[in-house]
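There are 2 protein chains.
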Amino acid sequence: MRHRAPFRLEHGLPTPNAGDKLARMFRLDSYLESRRKSVEAALDFILPSADTPPARLHEAMRYAVFSGGKRVRPVLCVAAADAVADKAPHAAEAAAAVELFHTYTLIHDDLPCMDDDDMRRGRPTCHVAFGEATAVLAGDALQCLAFGVLADAGMEPGVSSALARELASAGGSMGVAGGQAEDLAATVAGATVESVARIHLLKSAALIAAATRMGGIAAGASAAQTDALGAYGEKVGMAFQMADDLLDSERGEAGGETSCLSVMSAEDARERIAALTTEAVAALARHLPADRTVPLKAMAEWLAGRKA
Amino acid sequence: MRHRAPFRLEHGLPTPNAGDKLARMFRLDSYLESRRKSVEAALDFILPSADTPPARLHEAMRYAVFSGGKRVRPVLCVAAADAVADKAPHAAEAAAAVELFHTYTLIHDDLPCMDDDDMRRGRPTCHVAFGEATAVLAGDALQCLAFGVLADAGMEPGVSSALARELASAGGSMGVAGGQAEDLAATVAGATVESVARIHLLKSAALIAAATRMGGIAAGASAAQTDALGAYGEKVGMAFQMADDLLDSERGEAGGETSCLSVMSAEDARERIAALTTEAVAALARHLPADRTVPLKAMAEWLAGRKA
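Residue numbers (the numbering used here), protein chains in the order written: chain A, 245 to 552; chain B, 245 to 552.
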């Protein structure tokens, strides 16, 4: 039976025990739950209340942010900070900024002129609930708020500017926005393994890599550690997106031209997900202590193997 | 005849001479022209080329940014920097960030679900030229790029984070995005002097005040100088918006519910513009040397008295 050294968490959770899989799964749940709570508290603190004018805009922003999401990106951000230091200053703000940014992209992706989705997470999408104009503005304001959080005067300026650099680089025309543009332009006939991987990288993995890099930066990581966390995030992000494509397919939903299943078999996809997850975990091992990366490792496995 | 001390400009332009109005106007033109050129060069450097993938998105971003605008906000930003120091480091980047941000708001304001405008500055609007989805994404990516420019690693981190704080605060749900939300919700019947002024403040003046504050910050202004530049910008911004309403009315265009002419006469508006311009110039006098603020004073008069 292998033993792992204990790792300390902000909320005093029990140490994961690799020897007891059931217990470990349970404790991953506790870890996720405690980190989600920190992130939600930060988001609630940061977002203007729904009765602050302009009230309807703030209501729409809160509706989209508090919609029962899994908080995968911000929790990865905090877990990356946990891999570097205890109680990293501003990890929660960095995580909240990532989630605000991610929420803005979801609102805009759902718009009639984009993916035209009426429902998300079992509820009407923002433009269905609040109208298209308010949805566009809610997304716009959330992106602005994400950068505003990172520019907060309470943050050490060097950290503030490094965090903003990561988010801007992952989120812009050569990241999330560019990925969505390429996604909209993609055709089933033209899809290749490379073109699908490129869209997954830009649309999903870039922001997840930014999240884990930002967690590291908020915790004072060295450049090598930040890069290791970014490599982990990118690979986990690619695996996560492919796992999502598999889930959609198992539910009988058409994955469209940018599903990995339009260019490979489900079996090949599963193999690729497993390889990416192994590589993600291996990237951490070179620059971060094993006892601190237990949550990131558990999350990589969780995200690769999610069930509907 | 009054004499003003000479002020130095980056590009070695002749000193304005207040005693010769014609010459001064001509030199204001030269000043505007030289500053516009700096701003356009910075924008051209910052924006990815139109053949960098995703090419159509980058083409749309460039189409919207290089559309023959007057560059009022970025030139005010640079003029504010000139009021504090010669050749302020990063004033051009701060100015470019403001213009990228402003361009994003114009693209989104023109969308069918917002103001539904087909033409801007004599050309088809971005969504008419590139489609609605690309226009939304071009706006999104321009906002992201605006913050990315400010987070540039070449900038002193304290300045970088202070600049981003200004832009985020002026641009978000309690600034430009909020102003557009209130504008869309406004009705002619409900318009009051106060409600129209509030929308002008949020939608226009807040970003102009941010521009002049950011110019000051980029040039190492003291807090008192930055506040003076912000007060100038806010008042000039309010006057500029009212002058725009007057221009629209003289052209026979309906100003709508948020035109100041829906709540006051043209004569009252002209008086208010003159008062705001006087107050704007007075705000500068307390904290900045008179010889350095000649361009800002000339711009305030220009913006208040523009002709169609």
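The C-beta atom is built at its ideal place from N, Cα and C for all residues, glycine as well.
State the DSSP-derived secondary structure class of residue i, mapped to helix, strand or coil.
i, result
"residue 508 of chain A", "coil"
"residue 364 of chain B", "strand"
"residue 331 of chain B", "coil"
"residue 274 of chain A", "helix"
"residue 300 of chain A", "helix"
"residue 370 of chain A", "helix"
"residue 419 of chain B", "coil"
"residue 447 of chain A", "helix"
"residue 321 of chain A", "helix"
"residue 279 of chain A", "helix"
"residue 289 of chain A", "helix"
"residue 355 of chain A", "coil"
"residue 514 of chain B", "helix"
"residue 295 of chain B", "coil"
"residue 531 of chain A", "coil"
"residue 306 of chain A", "helix"
"residue 431 of chain A", "coil"
"residue 526 of chain B", "helix"
"residue 497 of chain A", "coil"
"residue 397 of chain A", "coil"
"residue 268 of chain A", "Unreliable positioning characterises residue 268 of chain A in this predicted model, as indicated by a pLDDT of 49, which lies under 50. A coordinate reading is not provided."
Under DSSP, the alpha helix (DSSP H) around residue i begins and ends at which residues?
i, result
"residue 503 of chain A", "It is not in any alpha helix (DSSP H) - residue 503 of chain A carries neither H nor E in the DSSP assignment."
"residue 410 of chain A", "401-415"
"residue 543 of chain B", "538-548"
"residue 388 of chain A", "376-394"
"residue 439 of chain A", "437-444"
"residue 479 of chain A", "467-494"
"residue 456 of chain A", "450-462"
If residue i and residue j are in contact, beta carbons under 8 Å, what's the gap, nearest whole angstrom?
i, j, result
"residue 318 of chain B", "residue 455 of chain B", "7 Å"
"residue 505 of chain B", "residue 513 of chain B", "6 Å"
"residue 472 of chain A", "residue 531 of chain A", "4 Å"
"residue 320 of chain A", "residue 543 of chain A", "6 Å"
"residue 517 of chain A", "residue 548 of chain A", "5 Å"
"residue 430 of chain B", "residue 439 of chain B", "7 Å"
"residue 310 of chain A", "residue 391 of chain B", "Not confirmed; about 24 Å, so no contact."
"residue 394 of chain B", "residue 290 of chain B", "In fact, because the Cβ distance is near 11 Å, the residues do not count as touching under 8 Å."
"residue 474 of chain A", "residue 457 of chain A", "4 Å"
"residue 523 of chain B", "residue 479 of chain B", "5 Å"
"residue 301 of chain B", "residue 379 of chain B", "With 8 Å as the limit, residue 301 of chain B and residue 379 of chain B do not qualify as a contact, their Cβ atoms being about 10 Å apart."
"residue 507 of chain A", "residue 403 of chain A", "No, residue 507 of chain A and residue 403 of chain A are not in contact; Cβ-Cβ is about 40 Å, not under 8 Å."
Check the Cβ of residue i against every Cβ in chain C and list those closer than 8 Å, keeping chain order.
i, result
"residue 305 of chain A", "Of the protein chains in the structure, A and B, none is chain C."
Beta carbon of residue i: closer than 7 Å to some heavy atom of the ligand ATP?
i, result
"residue 410 of chain B", "Looking at this structure, you won't find the ligand ATP or any other ligand, since it has none at all."
> Counting Cβ pairs, one atom from each stretch, are 3 or more of them under 8 Å apart for the region 478-495 of chain A and the region 352-359 of chain A?
Replying inline: Contact fails between the region 478-495 of chain A and the region 352-359 of chain A, because fewer than three Cβ pairs, one in each stretch, are under 8 Å apart.
> Looking at C-beta atoms only, is the number of pairs between the region 408-418 of chain A and the region 442-456 of chain B that lie closer than 8 Å three or more?
Replying inline: Between the region 408-418 of chain A and the region 442-456 of chain B, the count of C-beta pairs closer than 8 Å stays below three; the two stretches do not touch.
> Okay, do the region 362-373 of chain B and the region 417-433 of chain A touch, 3+ Cβ pairs below 8 Å being the bar?
Replying inline: Counting Cβ pairs under 8 Å, fewer than three are found: no touch.
> Hey, is the region 459-466 of chain B in contact with the region 319-327 of chain B, meaning 3+ C-beta pairs nearer than 8 Å?
Replying inline: Using a C-beta cut-off of 8 Å, the region 459-466 of chain B makes contact with the region 319-327 of chain B, since at least three inter-stretch Cβ pairs fall below that distance.
>> Would you call the region 303-318 of chain A in contact with the region 283-291 of chain A, where contact means no fewer than 3 C-beta pairs closer than 8 Å?
In response: Yes, they touch.
>> Could you check whether the region 412-420 of chain A touches the region 294-314 of chain B, counting it as contact only if at least three pairs of C-beta atoms, one from each stretch, sit closer than 8 Å?
In response: Yes, they touch.
> Between the region 285-295 of chain B and the region 333-346 of chain B, are three or more C-beta pairs nearer than 8 Å?
Replying inline: They touch, by the three-pair rule.
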